[in-house]
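Novice:
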Amino acid sequence: MRQKRTKIYRKLMHQFQLHFGFREPYQMLIDETFAQSLVRLKTQNPSQQFANVLCGKVKPMITQCCMVALYKLGKEHQPTVNLAKEWERRKCNHREAIEPHECIKSVVGEANKHRYVLASDNQPLRAKLRNNVPGLPMVHFTQAVMVLEPMSNLSRSKVEQIEDVKLSGHAPPSDPSATPATNIIGADTTSPGESSEPPQKKRKGPKAPNPLSVKKAKREKLTPEEKLAREQELKKQKQKEKAAERLRAQREAEQAKGDQGGDGASPNANAQQASIGAKRKRNDAGEEGKGSKSDVAVAGKGTDAAADAGDKAKPANRRRRQKSKAATAVGAEAVEAH
188 MRQKRTKIYR KLMHQFQLHF GFREPYQMLI DETFAQSLVR LKTQNPSQQF
238 ANVLCGKVKP MITQCCMVAL YKLGKEHQPT VNLAKEWERR KCNHREAIEP
288 HECIKSVVGE ANKHRYVLAS DNQPLRAKLR NNVPGLPMVH FTQAVMVLEP
338 MSNLSRSKVE QIEDVKLSGH APPSDPSATP ATNIIGADTT SPGESSEPPQ
388 KKRKGPKAPN PLSVKKAKRE KLTPEEKLAR EQELKKQKQK EKAAERLRAQ
438 REAEQAKGDQ GGDGASPNAN AQQASIGAKR KRNDAGEEGK GSKSDVAVAG
488 KGTDAAADAG DKAKPANRRR RQKSKAATAV GAEAVEAH
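Counting along the sequence shown from 1, when you hit position 255 you're at 442 in the numbering used here, and nothing is skipped either side.
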């Protein structure tokens, strides 16, 4: 296919997607006349040709009534029947087969709510649907070339109506082809009492600066004296923490020793306690001996003082003692002389 034609077809299908809700894969509804043209023109790889024309993925399908019409053509059209069997069978809900064009009309309906792309070489059928059904793309053969028809006048008027509604902001008129918007659960999102006025846009204020493009805050430069003072403070703080840890460990060790002493002291601890008790006893005994000697000396001094007082009271006795002392002294000298 030529590049210019492909560009036109892509724009046309894009309009159908925007205004009528078409999406890939496109459901191409084929009648018996188009199937016969495919076999007669010896089209190679029809599915790929459909995708090239619609510029997207395609799901070809045919109704049971069209299949019955192909069966009635006889064995001469068996290749057409074999080709049609490769496509998906669309249920038309007709118990008895009717005319293919009537079947196509009933399946497409008045608004093409299932979003079919009609492929037919039946010109009267295409003309009738073109004037009565909006939003229906149609494909046919022209001089052995598969072409996509431009948008019909009815479809264009429908598109203009939709655009006017969007610009004016009023609710669109009732359209059987438009499906109500639903949420995930399946309920309608619009309530009966909800106003149809579009929501007012919030005014945007100044935005914050990009954090990646903002310079980081500069740190204050410290003088050597401030650095030294800070280091000393940190050092003192570490020393305090270490001292607190040592004190805590010492208290825990003392508490553990106290617990062990209450439960049963070790032999070394008992020996140390015994030696400490003996030393205390010896010290107490020495202090008692010193006290007794001082008491005796005090007592002797007291007796001498009492005797002197008696001598003063009795002079005769004092003289006698002096004489006796002199006699003893003379005797001692005589003994020494012999």
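Glycine residues also receive a C-beta, built at the ideal position from the N, C-alpha and C atoms. The structure displayed is predicted, hence computed values, not measured ones.
By the three-class DSSP mapping on this structure, what secondary structure does E139 have?
Specialist: The chain is shown only over 188 to 525; residue 139 falls outside these bounds and no answer can be derived.
Novice: Secondary structure at M325, three-state DSSP: helix, strand or coil?
Specialist: For the purposes of this step, residue 325 is identified with residue 138 of the sequence shown, where counting begins at 1. Looking at M325 - three-state DSSP - the assignment turns out to be strand.
Novice: Would you kindly work out how many angstroms separate the C-alpha atoms of N318 and T267, rounded to a whole number?
Specialist: The residue labelled residue 318 in the question sits at position 131 within the sequence shown. The residue labelled residue 267 in the question sits at position 80 within the sequence shown. The alpha-carbon atoms of N318 and T267 are separated by roughly 30 Å.
Novice: Taking the alpha carbon of R555 as the reference point, which residue from R507, T220, V240 has its own alpha carbon closest?
Specialist: Since the first residue shown for the chain is 188 and the last is 525, residue 555 is missing from the structure and cannot be characterised.
Novice: Would L216 and R276 be called neighbours here (beta carbons separated by less than 8 Å)?
Specialist: If you number the sequence shown from 1, residue 216 lands on position 29. If you number the sequence shown from 1, residue 276 lands on position 89. Their beta carbons are not under 8 Å apart, which means L216 does not touch R276 by this criterion.
Novice: Please state whether DSSP places S234 in a helix, a strand or coil.
Specialist: If you number the sequence shown from 1, residue 234 lands on position 47. Helix, per DSSP.
Novice: Residue ranges of each alpha helix (DSSP H) run of no fewer than 4 residues wholly in the region 298-356, ordered along the chain?
Specialist: 310-319, 340-355
Novice: State the Cα-Cα distance for the pair K292 and I349, rounded to the nearest angstrom.
Specialist: Within the sequence shown, residue 292 is the residue found at index 105, counting from 1. Within the sequence shown, residue 349 is the residue found at index 162, counting from 1. Cα to Cα, the separation comes out at about 25 Å.
Novice: Measuring alpha carbon to alpha carbon, tell me which of R506, L199, H206 ends up nearest E347.
Specialist: Stepping through the sequence shown from its first residue, residue 347 is reached at position 160. For E347, the closest C-alpha among the options R506, L199, H206 is that of H206.
Novice: Closer than 6 Å by C-beta to P321: which residues in its own chain qualify, once you throw out the five before and the five after it? Chain order, please.
Specialist: Along the sequence shown, read from residue 1 onward, the residue named residue 321 stands at position 134. Counting only Cβ-Cβ distances below 6 Å, and skipping sequence neighbours, we find L341, S342, K345.
Novice: Kindly indicate the opening and closing residues of the beta strand (DSSP E) around I249.
Specialist: In the sequence shown, residue 249 corresponds to position 62, counting from 1. I249 -> beta strand (DSSP E) spans 245-250.
Novice: Tell me which same chain residues have a C-beta within less than 8 Å of the C-beta of G243, skipping the five on either side of it?
Specialist: Here residue 243 refers to the residue found at position 56 when the sequence shown is read from its first residue. Counting only Cβ-Cβ distances below 8 Å, and skipping sequence neighbours, we find M200, E211, P212, Y213.
Novice: Specify, as a first and last residue, the run of the alpha helix (DSSP H) that L199 falls within.
Specialist: Against the sequence shown, residue 199 aligns to sequence position 12. L199 -> alpha helix (DSSP H) spans 190-207.
Novice: For E219, count neighbouring Cβ atoms within 10 angstroms of its own Cβ and tell me buried if that reaches 16, exposed if not.
Specialist: The residue labelled residue 219 in the question sits at position 32 within the sequence shown. Buried, by the Cβ-count rule.
Novice: Enumerate in chain order the residues of its own chain whose CB-to-CB distance from K405 is below 7 Å, with the five nearest sequence positions on each side excluded.
Specialist: As a working note, residue 405 is residue 218 in the sequence shown. Within the same chain, K405 has no close Cβ partners at all.
Novice: Which whole-angstrom value describes the C-beta separation of D308 and F221, a residue pair presumed to lie in contact below a C-beta threshold of 8 Å?
Specialist: Translated into positions along the sequence shown, residue 308 becomes position 121. Translated into positions along the sequence shown, residue 221 becomes position 34. Indeed, because the Cβ distance is near 5 Å, the residues count as touching under 8 Å.
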